[in-house]
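Peer 1:
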Amino acid sequence: MNWSFLTDLLRISLHAMVPITLTAVGEIVGETAGLFNIGLEGIILVSALAGALGAEMGGPIVGLLAGMLAGALISLTFSVINTYWKGDQMITGIGINLFAAGFVAFGLIKLGSPGFYAVA
Numbered sequence: 019m020n021w022s023f024l025t026d027l028l029r030i031s032l033h034a035m036v037p038i039t040l041t042a043v044g045e046i047v048g049e050t051a052g053l054f055n056i057g058l059e060g061i062i063l064v065s066a067l068a069g070a071l072g073a074e075m076g077g078p079i080v081g082l083l084a085g086m087l088a089g090a091l092i093s094l095t096f097s098v099i100n101t102y103w104k105g106d107q108m109i110t111g112i113g114i115n116l117f118a119a120g121f122v123a124f125g126l127i128k129l130g131s132p133g134f135y136a137v138a
């Protein structure tokens with residue numbers, strides 16, 4: 019058995035686990051406040067795209083700030099729809115996921131990265 023394969027698999031798994039774990043912790047905080055945000059995956063997708071574009075244009079700090087701003091804006095949209103307009107949390111979350119998947123795929127194609135993208 020090749021041990022380098024297993025160590026690489028473990029390393030990649032740990033790298034992929036961090037954003038999902040942080041998102042789960044954020045959802046736990048939201049659950050205690052009475053919100054059920056099923057659109058967290060969409061928020062991650064748009065934030066990752068904004069962060070990558072920001073890092074490409076202005077460096078890692080700009081990328082971090084762009085990703086944070088994109089996530090905050092989508093979260094603000096979710097909260098406004100659900101609290102002020104009395105929208106359903108499940109429908110809003112599904113809408114955010116669908117919007118994010120389409121937006122990220124469209125953005126990648128328009129940025130000159132042709133091909134098939136299985137976003138999500």
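First residue of the sequence shown? That's 19 in the working numbering, and the numbers climb one at a time after it. Each residue gets a CB set at the ideal place from its N, CA and C atoms; glycine is no exception.
Considering Cα atoms alone, identify which of 67, 59, 61 is closest to residue 128.
Peer 2: For this step, residue 128 is matched to residue 110 along the sequence shown. When each option's Cα is compared against that of residue 128, the closest is 67.
Peer 1: Kindly indicate which three-state DSSP category residue 51 falls into: helix, strand or coil?
Peer 2: On the sequence shown, residue 51 is found 33 positions in, with the first residue counted as 1. Note: residue 51 maps to coil in three-state DSSP.
Peer 1: Indicate whether residue 99 and residue 60 have their beta-carbon atoms separated by less than 8 Å.
Peer 2: Translated into positions along the sequence shown, residue 99 becomes position 81. Translated into positions along the sequence shown, residue 60 becomes position 42. No, these two residues do not count as a Cβ contact at 8 Å.
Peer 1: Assuming residue 58 and residue 41 are in contact, meaning their beta carbons sit under 8 Å apart, how far apart are those beta carbons, in whole angstroms?
Peer 2: Here the question's residue 58 lines up with position 40 in the sequence shown. Here the question's residue 41 lines up with position 23 in the sequence shown. About 5 Å; that satisfies the 8 Å criterion.
Peer 1: Roughly how many angstroms lie between the CA atoms of residue 121 and residue 20, to the nearest whole one?
Peer 2: The residue you call residue 121 lines up with position 103 of the sequence shown. The residue you call residue 20 lines up with position 2 of the sequence shown. Their Cα atoms are separated by approximately 40 Å.
Peer 1: If you follow the alpha helix (DSSP H) that residue 131 is part of, which residue opens it and which one closes it?
Peer 2: Here residue 131 is taken as the residue at index 113 of the sequence shown, counted from 1. From DSSP, residue 131 is part of no alpha helix (DSSP H); its letter is neither H nor E.
Peer 1: Across the region 20 to 32 and the region 71 to 80, are there enough close Cβ pairs to call them in contact, namely three or more that are closer than 8 Å?
Peer 2: Output reads no: the region 71 to 80 does not touch the region 20 to 32.
Peer 1: Could you tell me the boundaries of the alpha helix (DSSP H) in which residue 81 lies?
Peer 2: As a first step, residue 81 is located in the sequence shown; it is residue number 63 there, counting from the start. Note, residue 81: alpha helix (DSSP H), 78 to 101.
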